[in-house]
Amino acid sequence: MEMPTDESKTLPQPITMKGGDGPLSYAKNSCFQKGVVDATKGMIIQAIANKLDMEKLCSESSKTFRIADFGCSIGPNAFFSMENIIEAVEQKHHTNAGNFATSLEFQLFFNDHASNDFNTLFQSIPPSWPYFAAGVPGSFYGRLLPKSSIHIGHSSSALQWLSKVPKEVVDSSSPAYNKGSIYCTGIEKEVTKAFAAQFENDMETFLNARAEELVGGGLMVILVGGIPDGIALSQTAIGKFYEFFGTCLVDLTKKGLIREEKVNSFNLPLYFPSAKELKSLIERNGRFSMESIDEIIEQVKRAHTSLPSTQNYISHIRAGMEGLIKDHFGNEFVDEFFAHYAKKHVETRFVFAENAVDNTLIFMILKRI
């Protein structure tokens, strides 16, 4: 029986993507995310056209329209997402008011953890951008903005990241101890229950905070990584990737470069829900109406085609995962780990993701009741 160690703890929080604008930065390695933004543009325009009540939200005395992006990260994708929303709002505004429509002013709030590289983010603002932008540092699992201050909230590919790793999964005395795996596979019942409970708590906190900040009738646009109902994450392509990522760590324990207990205490703070789970959570919260919920698969496939080379793919992985490796194993281990990952990926890339279920993203439009 393993004895608990001082390493049996949750991963340090917060988790942010690799900053700067260098060749390994998230800003330069997020074209998959850009593909998702492009693929969902039409869905956002349609949702705003059909679900947003401009007459209710914009009075003659106030022509400032406020939008917040929760979990904006780094680089130009955050601005592309906001431009898509602004385009849809302006179309709706002019459709309602015709040639007599007065121009709206847009105030945009970009939120992420305080450790996010906001300098690089705001250096990415297009030179002729005619909007008012502000950074809002802090966890979106809590209040960030004044009551009834925003008209549309947006969160893309962020809510699958938990506020913390459940303590049970790194406790060797717990039935939910996740020894031998770095993620929630969806196979081990107690492990899955612990991750699901953390996700439920986080989502409840997120929804309650956004309910305070959104005006009545305001919309919340959410895109979150998910899984098809009845499918374990380990059966999906992204699950196969996490499995492969974990084997690279195990390889280095066999070489004596890291201790086995260090790997056993490493868990990714991630949970991928099904659409059914999300719908149940929204209904239980009771502060939003579910205007639409769609599972997106083909759009994800198209977005993956934006990764043209093996090196490009590996750079994307490092941009997203380097911080996790550095925080848990130490900065001196980062280069060696990703060199091993790259080598093993080239050797096995046509093997480890075979027979995987397609990834899915869940696109939701919520309206503040």
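Quick note on numbering: the sequence shown equals residues 1 to 369 in full-length UniProt numbering. Ideal placement from N, C-alpha and C gives every residue a C-beta, glycine not left out.
- Residue(s) in a DSSP beta bridge with Q107: R66, F132
- Report all residues from its chain with a CB closer than 7 Å to the CB of M82; omit the five preceding and five following residues, and keep chain order. I67, D69, L108
- Message: Using CA atoms only, rank isn't needed, just tell me which of M43, G218, I362 is closest to E295.
- Response: I362
- Item | Enclosing alpha helix (DSSP H) for L361 [first to last residue] | Careful: L361 lies outside any alpha helix (DSSP H), inside the beta strand (DSSP E) at 360 to 368.
- Are I152 and L249 close, meaning C-beta to C-beta below 9 Å? no
- Bridge partners - V250, DSSP secondary structure assignment: Answer is none; V250 lacks a bridge partner.
- Closer than 7 Å by C-beta to R210: which residues in its own chain qualify, once you throw out the five before and the five after it? Chain order, please. G153, M220
- Query: How about K262 and F329: are their beta carbons less than 9 Å apart?
  - Reply: yes
- 8 Å contact criterion, which T205 and G142 should meet: CB distance rounded: 7 Å
- Would you report the Cα separation of K279 and M364, rounded to the nearest angstrom? 9 Å
- Message: Let me check understanding here. Comparing Cα to Cα, which of E336, I231, K343 lies closest to V357?
- Response: I231
- Message: Counting C-beta neighbours from all protein chains within 10 Å, is the total for S173 16 or more, i.e. buried, or is it exposed?
- Response: exposed
- Item | Helix, strand or coil at S157 according to DSSP, with G and I counted as helix | coil
- Message: On the DSSP bridge list, what partners appear for G226?
- Response: T360
- Message: Suppose you measure from the CA of K367 to the CA of I44; what does that come to, to the nearest Å?
- Response: 14 Å
- Message: Quick check on DSSP: helix, strand or coil for T236?
- Response: strand
- Query: DSSP on S289, reduced to helix/strand/coil?
  - Reply: strand
- Locate the alpha helix (DSSP H) running through E55, then write down its first and last residues. 54 to 57
- Query: Looking only at its own chain, which residues have a Cβ that is under 6 Å from the Cβ of K326, when we skip the five neighbours before and after it?
  - Reply: V334
- From L104, N96, P146, P269, pick the residue whose C-alpha is nearest to that of V169; which is it? P269
- Exposed or buried, N355, counting other C-beta atoms within 10 Å across all chains shown (16 or more means buried)? exposed
- Message: Quick check on the burial criterion: 16 or more other C-beta atoms within 10 angstroms. Buried or exposed for R161?
- Response: Reading the sequence as shown, one finds Trp at residue 161 and not Arg. Result: buried.
- Given G135 as reference, the closest of K193, L121, E90 once Cα atoms are compared: L121
- Relative to the alpha-carbon of A342, which residue among G320, S315, L324, A319 has its alpha-carbon at the smallest distance? S315
- Query: With DSSP run on the structure shown, which of helix, strand or coil describes E354?
  - Reply: coil
- Task: Could you pull out every unbroken beta strand (DSSP E) segment of at least 3 residues lying fully inside the segment 160 to 222, listed in chain order?
- Result: none
- Query: Tell me, which residues are paired with E295 by DSSP?
  - Reply: I362
- Through-space distance from V191 to residue 371, alpha-carbon basis: Only positions 1 to 369 of the chain appear in the structure, and residue 371 is not among them; the question remains open.
- Message: Suppose contacts are defined by Cβ-Cβ distances below 9 Å. Is E213 in contact with S289 by that definition?
- Response: no
- Message: Restricting to Cα atoms, I'd like to know which of F79, A97, L104, N77 is closest to L62.
- Response: Before going further, note that residue 62 is Ser rather than Leu in the sequence given. Among F79, A97, L104, N77, the Cα nearest to that of S62 is on L104.
- Message: For the alpha helix (DSSP H) containing N119, name the first residue and the last one.
- Response: 118 to 123
- Query: Just checking, does the segment 239 to 259 make contact with the segment 79 to 96 on the three C-beta pairs under 8 Å criterion?
  - Reply: no
- Sequence-distant residues of its chain with Cβ nearer than 8 Å to N208 (five each side left out): N285, R287
- Query: What does a CB cutoff of less than 7 Å around G216 pick up in its chain, not counting 5 residues either side in sequence?
  - Reply: R368
- Item | Exposure label - G42; buried when at least 16 CB within 10 Å | exposed
- Please report how far the alpha carbon of G180 lies from the alpha carbon of N96, in whole angstroms. 58 Å
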